[in-house]
Amino acid sequence: MPTSMPSLMPRLGSVTQTYTQLPDRSALGDELLAFGRASLVPDGAFGWLDRQGRITPGMPWLLYICCRMTHVYSLAEMQGRGGREMAEHGVRALTGIFRDREHGGWFSSVDESGRSTTRRRPIRTPSWCWPRPPR
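Using my numbering, the letters of the sequence shown map in sequence onto residues 1 to 135.
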């Protein structure tokens, strides 16, 4: 596991460079994937990481982060970089702890006990993160 978040700016180059002139970013992608693996919370979702790659205590688990992590690690698995365990963890969180089984939809954030951390209604238009489940 990396000891700190990889620095993106020195490696990406000037914004005026064309895409083909930018340095190879596959190693940077591998570093970012390795860094993100520390966010997995067993029996939960994905935690918010600080710059040193430690989960920030007291932060709720956020639906958009879970969706993003599930997407990123699904793509990583498809590219042969490994990510199946992370993607499957995300799917379990989306269909488990974030799912509002009483009213339908998803909670935008939950605490470690699985309770919604907002007073808002659950998200009922989940097309941006997950297909609508059958009722």
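Don't be surprised by glycine CBs; every beta carbon is placed ideally from N, CA and C.
Item to check | Paired residues, beta bridge with Ile97 - DSSP | outcome: DSSP, once it has assigned bridges, lists no residue as partnering Ile97.
Checklist entry - Rounded to a whole number of angstroms, what is the C-alpha to C-alpha distance between His89 and Val72? => result 12 angstroms
Next on the checklist: Rounded to the nearest angstrom, what separates Arg119 and Arg92 at their Cα positions?
Outcome noted: 24 angstroms
Checklist entry - For the putative contact between Phe98 and Leu75, defined by C-beta atoms under 8 angstroms, what is the C-beta separation to the nearest angstrom? => result That pair is no contact at about 20 angstroms.
Next on the checklist: What does the Cβ neighbour count give for Thr70, buried or exposed, with the cut at 16 atoms within 10 Å?
Outcome noted: buried
Checklist entry - What is the C-beta distance between Arg68 and Glu77, in whole angstroms, given that I count them as a contact (C-beta under 8 angstroms)? => result Rounded, the Cβ-Cβ distance is 15 angstroms, inconsistent with contact.
Item to check | Straight-line Cα distance separating Ala34 from Ser26 | outcome: 12 angstroms
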